[in-house]
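The structure appears right after this line, and notes come after that.
In this note's numbering, the protein residues as written are 1143 to 1482.
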C-alpha cells in the first residue's frame, strides 16, 4: 500500500534549476486519507484524527519492522523498529533510532519530541523548544514554517511537489523552495555499496545514484535551510576567510585545493564527502562547496553529532580508519587529504 510520504529530508519530490522532476503519490485516495478517522465502528488510527484528513503521522508511515529502507514500490523508510538500519543500510538522510533512549540519543539523531534548543540557534520562528521537534511545520524542517499542524504544513506537497523534499526556507521573509536533484532510490544502492567505484559514472547510474545539493549564497541552498535553526554555524558567523573560526558552508573551495577523490563524477565523494554546487541540476557545473550535508546526515547516524563518520576515529589509513567499520572513507581527512 502506498502511504503518505512525509519525513525529514526523505521526500521523493525534487526540483532542478533547469526543470522539475516530480514524483507525486498515486493510487486510491483511501491509501492516505480518511474522512472521519472511522471505519467499521473503529478508529482508523487510534492517535488520530490528523490534519489534512490523513490516516497516519509522518513516522507512522515512514517506519517499518523490516530491514529494507526502501520498499519495492519506492516507499522510503527512515526508521526500523527492528533496529536493522545502519549507516550503510539507510537512505540519504540517515535514520532515526529504533528506540528513544530518553537522552536525546546522545546527539546521534534529530531527536523528535526533544525540546532542546538547537545548537547555534539565533532565530525566532522555531517553536519546538516548547512543543518538541517534529517533522514539519513550526516545530520541524519540512513544509511551511508558519503552520503548526504537521499535515497542514506539508499539505499538497505530495500531490504536486514543487520543491526539493518539500523543504522551504523562510528566513524571516517570503518562502523560498530549496533546490536540489534527488536520487530516485534516495541513495539506497549507494549506501549499500561498500566498494568505491572505479572509472567514470554518472549521478544516475543505478549503483551510485546520488543527490545533488545546491550551494552558494542564495536562499534556496540546503545549508540555508539548516541555518534556520543553526544560524550561528552558517554564513557570516563562520568568518570571512582562513583561518576559519567555524567550519565554512556555502563557501566555494579554492580551485587550487585538491581534496581527495576530487572529481565527483568518477569517484566515491558523492557518498563519503558530498559537495554542493551552484546549480542543483548538475554535479559538474562550477565550483564545489562545502554544505552542512557534506559532514552530516539529516535524520540520524551511528556517530555523534549526526556525522557521516566517527569524529574520534578519523584516521588517515583506510584499513584502520572509518572505512573499515562505517563505510565512510577517512572522515574529516576525506576532504582534508593534506593532513593525512
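Built from N, CA and C at the ideal position, the CB exists for glycine as well.
Kindly list the residues whose CB is nearer than 6 Å to the CB of residue 1255, restricted to its own chain and excluding five residues on each side of it in sequence; keep chain order. Exclusion of the five residues before and after residue 1255 leaves 1274 as the residues of its chain whose Cβ lies within less than 6 Å of its Cβ.
Considering only the alpha carbon of each residue, which of 1429, 1418 and 1241 lies closest to residue 1442? When only C-alpha atoms are compared, the closest one is 1241.
Kindly indicate the opening and closing residues of the beta strand (DSSP E) around residue 1430. Per DSSP, residue 1430 belongs to the beta strand (DSSP E) from 1430-1432.
Contained alpha helix (DSSP H) runs [length at least 4] in the segment 1290-1344, N- to C-terminal order: As far as the segment 1290-1344 is concerned, its whole alpha helix (DSSP H) runs of at least 4 residues are 1292-1295 and 1330-1334.
Considering Cα atoms alone, identify which of 1359, 1367, 1350 and 1373 is closest to residue 1414. Restricting attention to 1359, 1367, 1350 and 1373, the CA atom closest to the CA of residue 1414 is found in 1350.
Just to confirm the assignment, what range does the beta strand (DSSP E) spanning residue 1356 have? Its beta strand (DSSP E) spans residues 1354-1356.
Rounding to the nearest angstrom, what Cα-Cα distance links residue 1305 and residue 1365 in this structure? For residue 1305 and residue 1365, the gap between their C-alpha atoms comes out near 15 Å.
Would you kindly work out how many angstroms separate the C-alpha atoms of residue 1412 and residue 1353, rounded to a whole number? Approximately 8 Å, taken between the alpha carbons.
Check the C-beta distance from residue 1186 over to residue 1179 and give it rounded, since I have them as a contact under 8 Å. That pair is a contact at about 5 Å.
Counted within 10 angstroms of its Cβ, other Cβ atoms place residue 1302 as buried (16 or more) or exposed: Counting Cβ neighbours within 10 Å, residue 1302 comes out exposed, since fewer than 16 surround it.
Report yes or no: do three or more beta-carbon pairs, one from the segment 1206-1222 and one from the segment 1183-1197, lie closer than 8 Å? By the Cβ test, the segment 1206-1222 is not in contact with the segment 1183-1197, since fewer than three Cβ pairs between them sit closer than 8 Å.
For residue 1226, the three-state DSSP class (helix, strand or coil): In the structure shown, residue 1226 sits in coil (DSSP, three-state: anything other than H, G, I, E or B).
Report the residue from 1300, 1272 and 1307 whose alpha carbon sits nearest the alpha carbon of residue 1290. The option with the nearest alpha carbon to residue 1290 is 1272.
Using the DSSP secondary-structure output, state which residues sit across from residue 1287 in a beta bridge. Looking at the DSSP assignment, residue 1287 forms no beta bridge with any residue, so it has no partner.
Look at the alpha carbon of residue 1451 and the alpha carbon of residue 1236, and state the distance between them as a whole number of angstroms. Cα to Cα, residue 1451 sits roughly 12 Å from residue 1236.
Looking only at C-alpha atoms, which of 1286, 1384 and 1176 sits nearest to residue 1367? For the residues 1286, 1384 and 1176, the minimum Cα distance to residue 1367 belongs to 1286.
Beta carbon of residue 1328, beta carbon of residue 1435: below 9 Å? Not closer than 9 Å, so no.
Cβ-based neighbour list, residue 1176, same chain, cut-off 7 Å, excluding 5 preceding and 5 following: Closer than 7 Å at Cβ, skipping near neighbours: 1186, 1195 and 1197.
Would you kindly check if the distance between the Cβ of residue 1389 and the Cβ of residue 1261 is under 9 Å? Not in contact: residue 1261 and residue 1389 (Cβ atoms no closer than 9 Å).
So if DSSP puts residue 1185 in a beta bridge, which residue, or which two residues, is it bridged to? DSSP links residue 1185 through a beta bridge to 1180.
When the Cα atoms are used, what is the spatial distance from residue 1376 to residue 1297? Approximately 29 Å between the Cα atoms of the pair.
Between residue 1453 and residue 1331, what straight-line distance do the alpha-carbon atoms span, to the nearest angstrom? Rounded to whole angstroms, residue 1453 and residue 1331 show a C-alpha spacing of 25 Å.
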